[in-house]
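S.K.: Structure below; questions to follow.
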Amino acid sequence: MGQAVFTGFFGAAAIWFGVVVFRTSSMVRSALALLFSQAAIGAMFLAMETEFLGVLQLMMMATEMAIMAIFMVMYMMDPGGLGGMDMTHQKRASLVAGALGAVAALVVALLAGWGPVATRVPAATAQVHDLGIEIMERSMLIFETAGVTILTAMIAATAIAIRRRR
Amino acid sequence: MTIPLSGSREARPFPLRRLAAWAAARDLAAFIVPGPDVARTCGIDLDAAGVRVAQTPRHAGVLVLVGELPRGLKKAAAVAYAQMPRPRAILAVGAGDVSPLPEPDVWVTASQRELAAGVEELRRLFAEGAFATEAAGFDIEEIRMETEYVCPMHPEVTSDEPGSCPKCGMDLIPRESAGGAGHEGHDDAGHGDTDHDASDPGVLVSHEGHGSNDEMDYQDMGHEGGGEDSGGHEHAERGEHEGHDEMDHGGHEDMGFMSMVEMTQGTPRSSDGLQMEWTGAPFGPLFPGLPGGLSLTFTLDGDTVANVTAPRGALGWDLDGLETAPARDFPDLLALLDPLSPTAYRLLALQALEDAANTVADERTTLERVGALERERAASHLGWFSGFGRLLGYSWLEARAGQIQLALLRAADAEEVARQETEVGKLVRRVYRTPMLARRLKGLGTLPDTAETSGPVARAAGLAKDARSGGIYRTLDFEPVVREGNDAVARLWTRLAEVEQSLKLVRKAGAVCFPQGMLTSPLRSTGSATVETPRGAATLRVKLQGDVVSATELTTPSSLHHQFIGAVAEEREVADALLGVASLDLSPWGVAR
Amino acid sequence: MSVVLVLAALLAGTYVVAVLEGWASTGRLRPAGPLVSGLALLGRESLVPRKPDRIFFEVAPPLLLVAAVLAAAVLPLAPGLIVTDLATGALFVNASFAYVMVAVLMAGWGPDGAYAMVGGFRFLGQLVAYSMLVVMPITAVAMRAESLLTTEVVTSQVSLWNALYQPLGFALFFLAAMAIAFLPPFDLPIAPGELAEGVLAEYTGWRLGVMRFGRALLVLTLALAVTVFYLGGWFGPVLPPWAWTALKTLAVAAVMLSVGRYVPRLREADVLAWGWKYGIPLALVNIFYVGVVLLVAM
Amino acid sequence: MSLLQQYALLLGMVAATVGLVLSLGAVARAVGRRREEKVKDVPATAGELSPEPVWVRYHVRYYGYALLFLAFDMEMAFMYPWAVVYKELGLTALLDMGVFLMVLFLGLLYGWSQGALRRQ
């Protein structure tokens, strides 16, 4: 029972921080609100006893959202939010899209057949170990393609962002 | 009810507050005006008196005023005192009138023994008066805070009453601007408006980018987004927008959505081609890394210095005070003007008067004068090492050089000075062997070859310019130290070698005494002299009527080097720019208006 | 029960680290120093700048403290003496150190001050430089321990300390640990000479007290992490286990605090360049070296 | 101690730390209130009043490193589970991760050659 309460609490926190991301006019505040929204999702993973995913989410989101904050500050007008600019555009279209998204998520969550509810959760050490075995044996190909996709991401980012040397 | 502490906190004393007051008395932190370098040259060591030196007024409890508070620093000292959290106090060391600041809580003369007594008195005052039933406010009109209205996205658009920004239609936000003296430079500080033709904020900037009409129509698409933005509508009938009409996009006057391309029209590009907003950040008169009193403002593009404004002579000479000085105490008056190297300027005045009187000092006094000048050079260079170490974050050098400098200044005779030679030798060898020091300073503060410099800065650029080539120095077989490199690391090596050389000269001269002049009545009406001060050659031309000085003309090395601050600091990272400026070893007092 | 014991040990350790820090910077050993300056800070006004980002300004000090406390919560002081022995302890230590950067970035952006702004973004650059040098050495340590449990990591070092087993990883992790706590020569965000206490410039009174307490606890936690990962935790011949951990941790903290006195501050461009051009290749070499040694040992 | 109890204990420690900071603040406020004075709340910049708005589009110079860092950060997620099972799988694990790391090192070399690894 406690588990459901905490999962619900952190889920609500994630949604609330997600809303703050758009309600605030300061760029750094919206970037760090997204950071804490992702951290709340990490805490949700922990509440659902998937320890490795939760701690990984907590760690990686902290650094990556901060780096997103760099680019938001550099490229958005008035990053300090002094002018109180309204962050929301095309309000009607986005409301409709939001409602559709929520309905779709609920439908998938309720109607899809998730299989039997796992009553016994493997120990956290076993989770990390099984994840390691999974990467190294069954889905090794996916692991290597992930490596190549990260490589393409690096090359694309460098090609776009860095000025060619004359 | 006399208030024991000028900056006490208003609260009824009860046990926890008394404990906090006792703790505040034990843990004193001082913010020194004009700076720790001046405090050391006056021979006082706050660390030995048990007071920590704080880098910013925020972390300090005691404002220490060292020496006479010059006119240019009165406002800065008032601002620093106002920014200190209470309980706070003022300790005046040999300072006369401190007008904008309240009466100093403790007043001492510039001697270590008296300072220690003053610090004990301060501890008692804090323990008693940190919390008092009523506390004196501190509110002076020196710092008038006018509110001006500025557009958040275009810092250069400012106006004195609320409204909306002519360029992007956003409503202006209130912002206090510094009242008082430092206001005139603010309008164009936001952007290096090298290519702005209209610099006053009201008129729109040049429109060469706006000619093309096609980009205008997509603004209408974004129109309904800006529709209910009321600020945009009452836009058109604003008085100063007469420049608006020739933007020839017809009746369309609602700015609405503003693309980044338009918004950054005409702003200068940084070195990597991005157009970012620049802010003016003062590294002003009381900055811990630079010599105390040197006022400096960087326009920062991120952490790179875009351009530099360094007002000359913020606390410079007022030579007029010397106009009617009798010849007898003219040397003392000249020595008072620059607290960083008093002996050199006193010697300069003496030699100029002797030149006017056409007498030559005898062998022994010349040797004594050489001893005094060389000791001051060694102490000044050590003071520079200490300030440079603080800027570099090399705290061992900062502490060690400061201690040896104080020992040198307090040495009574040549033997004591000689005893410091071994200490200085160890320090110099240690600095040569510091890992990553040369690599850190390489290439910083390079000056163009055409730059006309003097003193260690010139000798570090390979020029053997030294005013000490006179007769007596030849007998002491003196050779100027010359290094190649013309950058901060060459200047460091030059000054290291010069400290050792100066101490050898003092040992050879055998005597170290404050130069006294035996003035006979002057024959000729003008006299001139040149002395190699620790920062370079200073020349003085003096005109006499009877035995009263009627006119003086003084050129100092710091006013020569002050013009290179821009060349040394621009287009560099903040830390490198500060190191470049510090490597010039400027004395803010020596910078003529 | 062990939680209370660990917390008391951490508090005492933080006090000793604060005394060491005072000793390293002023050269005088004042055992009552931190207590007196803490009380003095409590008695001083705590100012808030005129137009701050109030949430950032208020949240930064507690977040720095929370990051240090969480990291200390998963590090063992003795065989049974640990707050929670998480299965992914090593990863959790790394995760909590990432929030030190978030706290410093908030403290940089919050007060709307020129020096704090430069200091805050400098520390983010410093994170980009040191983050990989924290992750890869911990991976090499986990390879030898075959688990992320910090107690397993310590027991895996019973035959040979990791500092001797993988010296390259030890050197990289030690430098990265000094960069995490922005100790000199990595004190870019609070450069006293260049930025007049940069990120801490606008904090006064009790908020400054919390920031300094957070940083002292962070230095202690980093020293504890170095001890647990590389110096064989509680293993030692004569003394009881907890004494060995305390000795090693305070020794590492003393070295961390005093090394910076004798070296000039690094330039941010250098920290980034050396971190990426020399640090990451060396870290990869360290991982392969440990991999090969483990294969050979098998 | 079950998993959830461990997380609850960590959450408890976070709450305790925040509580400690709030109580410190309350004690400090009890000791004395802040006295509003004119220039006291202007950020302290070396004795000069800096009116400039500082929240501008800050020009960060290390975005080359930051972009490559994002990619390397992803790689970290794969390395921890691999490290745990490395000893068990032996050579195959070493070769697997070797390929993965070499691919990423290739990206680093590319960035290096294109000048991403310098102060832009």
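Residue numbers (the working numbering), protein chains in the order written: chain P, 248 to 413; chain W, 2 to 594; chain C, 44 to 341; chain Z, 174 to 293. Beta carbons are placed, not taken as given, at the ideal position from N, Cα and C, and that holds for glycine.
Using a Cβ cut-off of 8 Å (strictly closer), state whether I174 of chain W contacts chain P.
M.R.: Yes, I174 of chain W counts as interfacial toward chain P.
S.K.: Would you call A459 of chain W buried or exposed, if buried means 16 or more other Cβ atoms sit within 10 Å of its Cβ?
M.R.: Its Cβ being crowded by 16 or more others within 10 Å, A459 of chain W is buried.
S.K.: Does Y273 of chain C pass the burial test, meaning 16 or more other C-beta atoms within 10 Å, or should it be called exposed?
M.R.: buried
S.K.: Any beta-carbon of chain C closer than 8 Å to the one on F266 of chain P?
M.R.: According to the sequence displayed, residue 266 of chain P carries Val and not Phe. Output row for V266 of chain P: interface = no.
S.K.: Using a Cβ-Cβ cut-off of less than 8 Å, give me the residues of the region 271 to 291 of chain W that come near chain P, in sequence order.
M.R.: Using a CB distance below 8 Å, the part of the region 271 to 291 of chain W facing chain P consists of D273, G274, L275, M277, ordered along the chain.
S.K.: Assign R308 of chain W to buried or exposed, taking buried as 16 or more other Cβ atoms, counted over all protein chains shown, within 10 Å of its Cβ.
M.R.: Looking at the sequence itself, residue 308 of chain W is Asn, so the reference to Arg does not match. It is buried - the Cβ of N308 of chain W has at least 16 other Cβ atoms within 10 Å.
S.K.: Taking the straight line between their C-alpha atoms, what separation do you get for V215 of chain Z and T280 of chain W?
M.R.: 16 Å
S.K.: What do you get for M261 of chain W, buried or exposed, if any count of 16 or more other CB atoms within 10 angstroms of its CB means buried?
M.R.: exposed
S.K.: Give a yes or no on whether the minimum CB-CB distance between V233 of chain Z and chain W is below 8 Å.
M.R.: So, interface residue.
S.K.: Indicate the three-state DSSP secondary structure (helix, strand or coil) for L72 of chain C in the structure shown.
M.R.: coil
S.K.: Count the CB pairs spanning the region 106 to 121 of chain C and the region 229 to 237 of chain Z that are closer than 8 Å, and state whether there are at least three.
M.R.: no
S.K.: Unbroken alpha helix (DSSP H) runs of length 4 or more, entirely within the region 188 to 259 of chain C: which are they?
M.R.: 193 to 198, 205 to 208, 210 to 223, 235 to 238
S.K.: Under the three-state reduction of DSSP, which class applies to G62 of chain W: helix, strand or coil?
M.R.: coil
S.K.: Just to confirm my understanding: we take G87 of chain W, look at its own chain, exclude 5 residues before and 5 after, and list those with CB closer than 8 Å. What are they?
M.R.: The question names Gly, but residue 87 of chain W in the sequence shown is Arg. In its chain, beyond the 5 residues on either side, G8, S9, R10, A136 have a beta carbon closer than 8 Å to the beta carbon of R87 of chain W.
S.K.: If you reduce the DSSP assignment to three classes, tell me which class H253 of chain W lands in.
M.R.: Here the model assigns H253 of chain W a pLDDT of 37, short of 50, so the residue's position is not dependable, and the following value carries that caveat. Coil at H253 of chain W, not helix or strand.
S.K.: Cβ closer than 8 Å: which chain W residues qualify as neighbours of N240 of chain C?
M.R.: Note on identity: in this sequence residue 240 of chain C is Glu, with Asn being the wrong assignment. Within chain W, the residues near E240 of chain C are Q56, T57, R59, H60.
S.K.: From the DSSP secondary-structure annotation, give me the bridge partner or partners of T298 of chain W.
M.R.: Looking at the DSSP output, T298 of chain W shares a beta bridge with W:P283, W:T310.
S.K.: Going by CA-CA distance only, name the one from P:E311, P:T335, P:T405, P:F292 that's closest to A141 of chain C.
M.R.: P:E311
S.K.: So the candidates are W:E115, W:V490, W:L337; which of them puts its Cα closest to the Cα of F389 of chain W?
M.R.: W:V490
S.K.: Is any beta-carbon of chain P found at less than 8 Å from that of L192 of chain C?
M.R.: yes
S.K.: What do you get for A358 of chain W, buried or exposed, if any count of 16 or more other CB atoms within 10 angstroms of its CB means buried?
M.R.: buried
S.K.: Can you tell me which of the three DSSP states T531 of chain W falls into?
M.R.: If DSSP states are grouped into helix, strand and coil, T531 of chain W belongs with the strands.
S.K.: Does Y253 of chain Z have its Cβ less than 8 Å from a Cβ in chain C?
M.R.: It does; some Cβ of chain C falls within 8 Å.
S.K.: Nearest chain W C-beta to L342 of chain P closer than 8 Å, yes or no?
M.R.: no
S.K.: Going along chain W, which residues have a C-beta under 7 Å from Y58 of chain C?
M.R.: Against chain W, a Cβ distance below 7 Å from Y58 of chain C picks out nothing, because the smallest value is about 15 Å.
S.K.: Where do the N-terminal and C-terminal ends of the beta strand (DSSP E) with R508 of chain W fall, by residue?
M.R.: Not the beta strand (DSSP E): R508 of chain W falls in the alpha helix (DSSP H), residues 489 to 510.
S.K.: Which same chain residues, not among the five before or five after P647 of chain W, have their C-beta less than 6 Å away from its C-beta?
M.R.: Chain W is shown from 2 up to 594; residue 647 of chain W falls before or after that span and cannot be answered.
S.K.: Please classify H382 of chain W: is it buried, with 16 or more other beta-carbons within 10 angstroms of its beta-carbon, or exposed?
M.R.: buried
S.K.: Looking at chain Z, is there any beta carbon in it that lies within less than 8 Å of the beta carbon of A400 of chain P?
M.R.: At least one CB of chain Z lies nearer than 8 Å to the CB of A400 of chain P.
S.K.: So, does the CB of R270 of chain P fall closer than 8 Å to a CB anywhere in chain W?
M.R.: The beta carbon of R270 of chain P does not come within 8 Å of any beta carbon belonging to chain W, so the residue lies off that interface.
S.K.: I want to see whether chain W comes within less than 8 Å of G163 of chain C, judged by CB atoms only; does it?
M.R.: no
S.K.: Are the C-beta atoms of G348 of chain P and some chain W residue less than 8 Å apart?
M.R.: no
S.K.: So which residues on chain Z does G327 of chain P lean against when the C-beta distance must stay under 9 Å?
M.R.: P226, V227, W228, V229
S.K.: DSSP state of P254 of chain Z, grouped into three classes?
M.R.: helix
S.K.: Does any CB atom of chain C fall closer than 8 Å to the CB of M425 of chain P?
M.R.: In the structure as shown, chain P begins at 248 and stops at 413. Residue 425 of chain P is therefore absent and cannot be evaluated.
S.K.: Any idea what DSSP makes of E574 of chain W, helix, strand or coil?
M.R.: strand
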